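Participant:
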Amino acid sequence: MRVVVWRRKPIYIVRRTAAMLALMGGHDAALKDPDSTDSQQPAYADNPLRSRAPSLFVAIGVCTHLGCIPRARFEAGGPRMGEQWPGGFLCPCHGSRYDLAGRVFKGSPAPTNLEIPPYSMAGPDQLVVG
Ligand code: FES
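In structure tokens, the structure reads:
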């Protein structure tokens, strides 16, 4: 994951591996807004992976609860996050959990999924945010 700043906000740029993507589809029932109907994303990210391309996830790294900075918890399972954890982000302030598409889990105080900023690809390895 890389973090850049855009409009004074951290932008998370995550290269999702095949192993990460394999864990993306099995937990929709545990999410508050699995189809992102109440969340903010550009039209091209209005899909289950919330991205232009499956391997690349771009999101504003600001918790939708009260604005803290969620931390990467990419490793699936484990005693710390629970065996059902598919990998994602954990907000240190009040414990909101997001998956690797920034979709918030039920039981989190955050009301909506992480916001997806506008972005485009200027080349195979060049991302433009904004
Ligand atoms: S600010 Fe993230 S859970 Fe409250």
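Under the numbering used here, think of the first position of the sequence shown as 221, with each following residue one higher. Just so you know, even glycine gets a beta-carbon here, dropped at the ideal spot from N, CA and C. For clarity, every value in this text was computed on a predicted model and none was experimentally measured.
Taking 7 Å as the cut-off, is the C-beta of A239 nearer than that to any heavy atom in the ligand FES?
Facilitator: Working through the sequence shown from its first residue, we reach residue 239 at position 19. It does not: the Cβ of A239 is nowhere closer than 7 Å to a heavy atom of the ligand FES.
Participant: From G298 to I289, what does the alpha carbon distance come to, in whole angstroms?
Facilitator: For the purposes of this step, residue 298 is taken as the residue at position 78 of the sequence shown. For the purposes of this step, residue 289 is taken as the residue at position 69 of the sequence shown. The alpha-carbon atoms of G298 and I289 are separated by roughly 22 Å.
Participant: For P254, which of V348, P331, M341 and Y339 has the nearest alpha-carbon?
Facilitator: As a first step, residue 254 is located in the sequence shown; it is residue number 34 there, counting from the start. If we check each option's Cα against that of P254, P331 comes out closest.
Participant: Terminal residues of the continuous beta strand (DSSP E) containing L243?
Facilitator: Working through the sequence shown from its first residue, we reach residue 243 at position 23. Segment: none, L243 is in no beta strand (DSSP E) and carries neither H nor E.
Participant: Cα-Cα, which of N267, A249 and A250 is closest to T257?
Facilitator: Against the sequence shown, residue 257 aligns to sequence position 37. Nearest of N267, A249 and A250 to T257, Cα basis: N267.
Participant: Excluding the 5 residues flanking P230 on each side, which residues of the same chain have their C-beta closer than 8 Å to its C-beta?
Facilitator: Residue numbering aside, residue 230 sits at position 10 when the sequence shown is read from its first letter. Beyond the five residues adjoining it in sequence on each side, P230 comes within less than 8 Å, by CB distance, of V223, V224, I280, G281, V282 and I289 in the same chain, given in chain order.
Participant: Is A292 helix, strand or coil when you go by DSSP?
Facilitator: On the sequence shown, residue 292 is found 72 positions in, with the first residue counted as 1. Three-state DSSP puts A292 in a strand.
Participant: Where does M240 land, buried or exposed, given buried means 16+ other C-beta within 10 angstroms?
Facilitator: Walking along the sequence shown from the start, residue 240 turns up at place 20. It is buried - the Cβ of M240 has at least 16 other Cβ atoms within 10 Å.
Participant: Smallest Cα separation from R323: which of L334, R293, C311 and D345?
Facilitator: Working through the sequence shown from its first residue, we reach residue 323 at position 103. The shortest C-alpha separation from R323 is found at L334.
Participant: I need the DSSP call for A249, collapsed to helix, strand or coil.
Facilitator: Stepping through the sequence shown from its first residue, residue 249 is reached at position 29. Here A249 sits in helix by DSSP.
Participant: With distances taken from CA atoms, which of A263, L276 and Y232 is nearest M341?
Facilitator: Here residue 341 refers to the residue found at position 121 of the sequence shown. Selected option, being the one with the closest Cα: L276.
Participant: Among P306, G350 and M244, which residue has its Cα nearest to the Cα of P274?
Facilitator: In the sequence shown, residue 274 corresponds to position 54, counting from 1. If we check each option's Cα against that of P274, M244 comes out closest.
Participant: Going by the CB atoms, is the gap between S271 and A263 shorter than 8 Å?
Facilitator: Counted from its first residue, the sequence shown places residue 263 at position 43. Counted from its first residue, the sequence shown places residue 271 at position 51. Their beta carbons are not under 8 Å apart, which means A263 does not touch S271 by this criterion.
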